[in-house]
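Presented below is the structure to which this report refers.
In my numbering, the protein residues as written are 322 to 590.
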């Protein structure tokens, strides 16, 4: 298994429980979307899978390793195989796009090569190749503070594609993009992951994108798995229960209206 979680729980130091009794198996090469209301624990779950935080209970395996049992050196090695796409990529404002993308392989480079690359990009052709399918090849030497939010998200995706990670974790990777560009980007990410045999797990607020682009969808609510189904098996009742009474006055009728067009949405797998 790429991911195996058994009765995993996570409580923050203040006592707030973020994840409760999560049982989850994800096989190599699967492409999975995680949906759920704000505060459901989606980002926390991705951070745990990225080994940025550790479970406080249960058993967790990522890429065949138990992160909590690894030495610092082996944990760093494991992280070179995991690519994390942030909703707001943490890119220094004055950094050039080419340098930001090259950072995807810093974990596998020697210190000397990494330092040289900061001054003179060593693989411009490779970066250009990662940027081209995302339609931002022309931003190769632009500074990050000159880019829009959607362009920054695409730079973050390009960095993970350049990294060639075995496990790609994407936290709201298209939230700053318009609907057409978001759909194109998710279709591209799914296609490249499938071609490389990489496992892809993405959290999304846009339910229609999750159902249209991912074969498997997980519903997370209150830190617990509410459902785990094939995308074409997710029902309007599932979505109503997932988003019920979240203090946003989202009624059953609104949920049904949002879900109705999804049944006819084209699947880009």
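All residues carry an ideal CB built from backbone N, CA and C; glycine is no exception.
Coarse secondary structure for residue i, derived from DSSP in three states
{"i": "residue 550", "result": "strand"}
{"i": "residue 516", "result": "helix"}
{"i": "residue 342", "result": "strand"}
{"i": "residue 540", "result": "strand"}
{"i": "residue 589", "result": "Confidence is the limiting factor: at residue 589 the pLDDT is only 44, short of 50, which leaves the residue's position unreliable, though a coordinate-based value still follows. If DSSP states are grouped into helix, strand and coil, residue 589 belongs with coil."}
{"i": "residue 332", "result": "strand"}
{"i": "residue 569", "result": "Low confidence applies to residue 569: its pLDDT is 46, below 50, so where it sits in the model is not reliable, and the reading given next is rough at best. Of the three classes helix, strand and coil, the one that applies to residue 569 here is coil, per DSSP."}
{"i": "residue 485", "result": "coil"}
{"i": "residue 444", "result": "coil"}
{"i": "residue 457", "result": "coil"}
{"i": "residue 492", "result": "strand"}
{"i": "residue 497", "result": "coil"}
{"i": "residue 451", "result": "helix"}
{"i": "residue 522", "result": "strand"}
{"i": "residue 532", "result": "helix"}
{"i": "residue 326", "result": "strand"}
{"i": "residue 580", "result": "Confidence in residue 580 is poor, its pLDDT being 49 and thus under 50, which makes the residue's placement too unreliable to answer from."}
Beta-carbon gap between residue i and residue j smaller than 8 Å
{"i": "residue 448", "j": "residue 422", "result": "yes"}
{"i": "residue 352", "j": "residue 535", "result": "yes"}
{"i": "residue 540", "j": "residue 339", "result": "no"}
{"i": "residue 492", "j": "residue 524", "result": "yes"}
{"i": "residue 418", "j": "residue 461", "result": "yes"}
{"i": "residue 495", "j": "residue 507", "result": "yes"}
{"i": "residue 416", "j": "residue 464", "result": "yes"}
{"i": "residue 455", "j": "residue 478", "result": "yes"}
{"i": "residue 663", "j": "residue 428", "result": "Examination of residue 663 is not possible in this model, given that the chain is present from 322 through 590 alone."}
{"i": "residue 530", "j": "residue 503", "result": "yes"}
{"i": "residue 498", "j": "residue 471", "result": "yes"}
{"i": "residue 562", "j": "residue 547", "result": "yes"}
{"i": "residue 552", "j": "residue 537", "result": "yes"}
{"i": "residue 346", "j": "residue 322", "result": "yes"}
{"i": "residue 560", "j": "residue 476", "result": "no"}
{"i": "residue 414", "j": "residue 466", "result": "yes"}
Residue from the options with nearest C-alpha to residue i
{"i": "residue 372", "options": "472, 354, 393 and 544", "result": "393"}
{"i": "residue 380", "options": "330, 554, 507 and 359", "result": "330"}
{"i": "residue 325", "options": "388, 333, 364 and 510", "result": "388"}
{"i": "residue 398", "options": "411, 365, 426 and 366", "result": "426"}
{"i": "residue 510", "options": "526, 500, 444 and 489", "result": "489"}
{"i": "residue 516", "options": "502, 485, 428 and 527", "result": "485"}
{"i": "residue 355", "options": "526, 466 and 504", "result": "526"}
{"i": "residue 480", "options": "341, 538 and 420", "result": "420"}
{"i": "residue 336", "options": "350, 377, 322 and 363", "result": "377"}
{"i": "residue 532", "options": "357, 328 and 342", "result": "357"}
{"i": "residue 566", "options": "350, 361 and 452", "result": "361"}
{"i": "residue 342", "options": "500, 453 and 366", "result": "366"}
Residue burial classification, residue i (beta-carbon count within 10 angstroms, cutoff 16)
{"i": "residue 569", "result": "Annotation note: pLDDT 46 at residue 569 (below 50); position unreliable, coordinate value reported separately. Result: exposed."}
{"i": "residue 550", "result": "exposed"}
{"i": "residue 446", "result": "exposed"}
{"i": "residue 590", "result": "Note that residue 590 scores a pLDDT of 41, beneath 50, so its modelled location is shaky; the value from the coordinates is reported in the next line. It is exposed - the Cβ of residue 590 has fewer than 16 other Cβ atoms within 10 Å."}
{"i": "residue 333", "result": "exposed"}
{"i": "residue 440", "result": "exposed"}
{"i": "residue 432", "result": "exposed"}
{"i": "residue 410", "result": "buried"}
{"i": "residue 404", "result": "buried"}
Cβ of residue i within 8 Å of any chain B Cβ
{"i": "residue 514", "result": "Annotation note: the requested chain B is absent from the structure, which comprises a single protein chain."}
Taking only runs that begin and end inside the region 344-426, name each unbroken beta strand (DSSP E) of 3 or more residues, in chain order.
352-356, 378-383 and 403-406
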